[in-house]
Amino acid sequence: DLAGAHARRCPDFVGSTSELFARHPTLRVPDFEARVGYYGLAERWGANLSPDVAIGLHRERALGAYEAPDTQFLGHLLPHLRNAISIGQQLAAAEQTSRALLDHIGQLGIGVLLLDKHAQVLMTNPRAEVILRDTETFRLSERRLRGLAPAVDTSLQLALTDVMLGLSPAKA
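In my numbering, each number is its position in the sequence shown, counted from 1, plus 82.
Next comes the structure, spelled out in structure tokens:
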């Protein structure tokens, strides 16, 4: 993977392809300029965003090389791009952990409903879906957990509100 190779060998690199290849000739890709030129592109500006992620921006040949204001502007964007990459990687790791935990909980036969602060259901695990499908007391409607009988629904909504407020439904 070319971007990963560049990122690992030149972790702090920011600049044009010409500068990269001049500093690190071993990274030169055979016929790179010809391949890029085939698409009507010329100068490439790139930067390493993380150990495994690099960004490359190509300009149309007619626009010529990047000028100082262009590279300064792109340089100002780098911290934001690095932050976005980091957040994306953290989110992916958290989602993977969440799926693994839900799988383990599901193997225990426990149903899990993830609710937001408005008591809307954001996510359920498979066991919760089975439980809700097989029950004659509750149903999931319009992303909300509802009791089928009005009295059950009222009690349920009050209990959910108490839990959202940090109160124990049994003490309320």
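Here a beta-carbon is modelled for each residue, glycine too, at the ideal position from N, C-alpha and C.
Owing to the predicted nature of the structure, the values given are computational and were not obtained by experimental measurement.
{"Item": "Nearest neighbour of V245, chosen from A201, T219, Q154, I192 [CA to CA]", "Value": "A201"}
{"Item": "Test item: CB-CB of L240 and L197 under 9 Å", "Value": "no"}
{"Item": "Cβ pair Q221, L214 closer than 9 Å", "Value": "The sequence given here has Arg at residue 221, not Gln. The answer is yes: Cβ separation under 9 Å."}
{"Item": "Separation of R209 from Q189, as counted between CA atoms", "Value": "8 Å"}
{"Item": "Inter-residue Cα distance where the pair is S250 and H158", "Value": "49 Å"}
{"Item": "Inter-residue Cα distance where the pair is V234 and T219", "Value": "8 Å"}
{"Item": "Heavy atom of the ligand COA within 8 Å of M246 beta-carbon", "Value": "Absence of the ligand COA is noted for the structure shown, with no ligands found whatsoever."}
{"Item": "For M205, the residue or residues it bridges with in DSSP", "Value": "L196"}
{"Item": "Buried or exposed by the 16-neighbour rule on C-beta atoms within 10 Å, applied to N165", "Value": "exposed"}
{"Item": "Strand pairing of F155, partner residues [DSSP]", "Value": "Per DSSP, none; premise fails for F155."}
{"Item": "For L222, the first and last residue of its enclosing beta strand (DSSP E)", "Value": "220-223"}
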